[in-house]
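A.B. asks:
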Amino acid sequence: MIKEFVFSGFGGQGVLTAGTLLANTGALNDLEVSWIPSYGSEMRGGTANCVVKIGDEEVPSPFAKRIDVLVAMNRPSLDKFAGMVRRQTGIIIVNSSVVHDIPEYEDVTVIPVPMMEITLKHENERGSNIVAVGAAVGASGIMSREMMIEGIEAYFSKYGKANAKNIAVFNEGYDLVRKELAK
């Protein structure tokens, strides 16, 4: 089975890195992956998104058709992609630190995640995208928590930026979504 993810937000929110983390970790664990970025020429402050497909079978097309998990870091992203989320089983994760008036969608689960508050709690102000990855992995079950933690550590250690705060915010995003889905 293949799962489709879209991470979307303003440039500078780390949505491309979030998608890269998910795709790289999937590849490290012998899953089939594709990752397609899209961003405005402005970069910081402009729009950015990426489509990630992960599964245990060949990915036939890298483009999103029916999104299983949408991570919307801002309202324009929510408005743009919500209509593409798979009915009945799709999940929308919304950065409720930025989007305060979250609409309800028929036949789609919407989970608000206070990403900025989580990062401030762990003194990791630039970690909202890692919270988002935790939430997306928790929502999809595409891989285990342990696999993703190893992937985060491997990715950031390449840049000399591995730290326990990334794991803490990942875990909080993961746990929050798992708890919401268990209700």
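Using the working numbering, the letters of the sequence shown map in sequence onto residues 265 to 447. Where is the CB? At the ideal position from N, CA and C, for every residue including glycine. For clarity, every value in this text was computed on a predicted model and none was experimentally measured.
Indicate the three-state DSSP secondary structure (helix, strand or coil) for P340 in the structure shown.
C.D. replies: Reading the sequence shown from its first residue, position 76 is the one you call residue 340. In the three-state scheme derived from DSSP, where H, G and I count as helix and E and B as strand, P340 is classed as helix.
A.B. asks: Considering E268, what are the terminal residues of the beta strand (DSSP E) in which it resides?
C.D. replies: Counting from 1 along the sequence shown, the entry for residue 268 is found at position 4. Its beta strand (DSSP E) spans residues I266 to F274.
A.B. asks: So, do the region 281-301 and the region 343-358 have three or more beta carbon pairs nearer to each other than 8 Å?
C.D. replies: no
A.B. asks: Compare the beta carbon distance of G403 and L440 with 8 Å and say whether it is the shorter of the two.
C.D. replies: Along the sequence shown, read from residue 1 onward, the residue named residue 403 stands at position 139. Along the sequence shown, read from residue 1 onward, the residue named residue 440 stands at position 176. As written in the sequence, residue 403 is Ala, which differs from the Gly given in the question. Against a cut-off of 8 Å, the Cβ pair of L440 and A403 comes out as no contact.
A.B. asks: Hey, how far is the Cα of K329 from the Cα of F269?
C.D. replies: To locate residue 329, count along the sequence shown from 1; it is residue 65. To locate residue 269, count along the sequence shown from 1; it is residue 5. Roughly 10 Å separates the two Cα atoms.
A.B. asks: Between the Cα of E430 and those of E389, N313 and R350, spot the shortest distance and give me the residue it belongs to.
C.D. replies: Position 166 of the sequence shown, counted from the first residue, corresponds to residue 430. The residue asked about is misnamed: residue 430 is Asn in this sequence, not Glu. Selected option, being the one with the closest Cα: E389.
A.B. asks: Alpha carbon to alpha carbon, how far is N293 from Y438?
C.D. replies: Indexing the sequence shown from 1 puts residue 293 at position 29. Indexing the sequence shown from 1 puts residue 438 at position 174. Approximately 19 Å between the Cα atoms of the pair.
A.B. asks: What separation, rounded to the nearest whole angstrom, lies between the Cα atoms of E321 and F434?
C.D. replies: Residue 321 sits at position 57 when you count from the first residue of the sequence shown. Residue 434 sits at position 170 when you count from the first residue of the sequence shown. Spanning the alpha carbons of E321 and F434 requires a straight line of approximately 26 Å.
A.B. asks: On the three-state DSSP scale, how would you describe T289?
C.D. replies: Position 25 of the sequence shown, counted from the start, is the residue given in the question as residue 289. Residue state, collapsed to three classes: helix.
A.B. asks: With 16 other CB atoms within 10 Å as the buried threshold, where does K422 fall?
C.D. replies: Within the sequence shown, residue 422 is the residue found at index 158, counting from 1. So K422 counts as exposed.
A.B. asks: How long is the line joining the alpha carbons of E387 and I375, rounded to whole angstroms?
C.D. replies: If you number the sequence shown from 1, residue 387 lands on position 123. If you number the sequence shown from 1, residue 375 lands on position 111. Approximately 23 Å, taken between the alpha carbons.
A.B. asks: According to the Cβ coordinates, are A399 and V335 closer than 8 Å?
C.D. replies: As a position in the sequence shown, residue 399 is number 135, starting the count at 1. As a position in the sequence shown, residue 335 is number 71, starting the count at 1. Yes, Cβ-Cβ distance for A399 and V335 is below 8 Å.
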